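S.K.:
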Amino acid sequence: MAEPLSDDDETDSIDSAVPTYREEATDDDGDAVTLFQAIILHDHTTESKQTGIPIEVKNVMIELFQNGYTTPKAILSEPDKLKIIQPKASQISSFLVTLRKKLYSPAQISLNYIKNWCIEKSIIPNDPDECFVANYYIKDDDTDPLFRLFVTTKNLQ
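Per this note's numbering, residue 1 is the first one in the sequence shown, and the count goes up by one each step.
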């Protein structure tokens, strides 16, 4: 039958704030089965505490980044003056990495991007000092990718 869990039960790992009952029985094979059942419904409708940097602080950090504060240390000096919540340096660093990727695109480029750039820049310009791609070679192989390009100007030919 159902019995309430006691405080002296060493196997009790359920939070005492939720009244729970334990019922022990045996299954068809004769193995012991323990059933835990809460007598109140579990509800997720309560608002959860926000984690991470608040939106207002992120907006201030974006503004600071655009004004030349590009390191966590530089940004950490400003929230005291602005009277906002001061995030941790690691949070600022992670946020700046995400912001840089969003603003400046990823740090890596594909061979397809290089190929398209070479095709675009292979047209010989009229200006003798403007560079262009004279020759390029791209080997798009999964095991051994390779690219070579030769950039020059009319004056250097």
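Here a beta-carbon is modelled for each residue, glycine too, at the ideal position from N, C-alpha and C.
If you're wondering where the values come from, they're calculated on a predicted model, not measured in any experiment.
(1) My understanding is that Leu76 touches Ala89, with C-beta atoms under 8 Å, so please give their C-beta distance in whole angstroms.
(2) Check the DSSP bridge columns for Leu149 and list the partner residues they point to.
(3) Determine which residues share a DSSP beta bridge with Val33 and list them.
(4) Using beta-carbon positions only, say whether Gly52 and Gln91 come within less than 9 Å of one another.
(5) Please report how far the alpha carbon of Asp9 lies from the alpha carbon of Thr45, in whole angstroms.
(6) For the alpha helix (DSSP H) holding Thr98, just list the boundary residues, first then last.
(7) Spatial neighbours of Ser93 within its chain, please: C-beta separation below 7 Å, excluding the five flanking residues on both sides.
M.R.: For this structure:
(1) Correct: roughly 6 Å between the Cβ atoms.
(2) The partner list for Leu149 (beta bridge, DSSP) reads Tyr136.
(3) DSSP lists Ala25 as the beta-bridge partner residues of Val33.
(4) Yes, they are a contact pair.
(5) For Asp9, the pLDDT reaches just 48, beneath the cut-off of 50, and the residue's location in the model is therefore unreliable, leaving the point undetermined.
(6) Residues 89-104.
(7) If we look at Ser93 and ignore the five residues flanking it on each side, its Cβ neighbours are Pro72.
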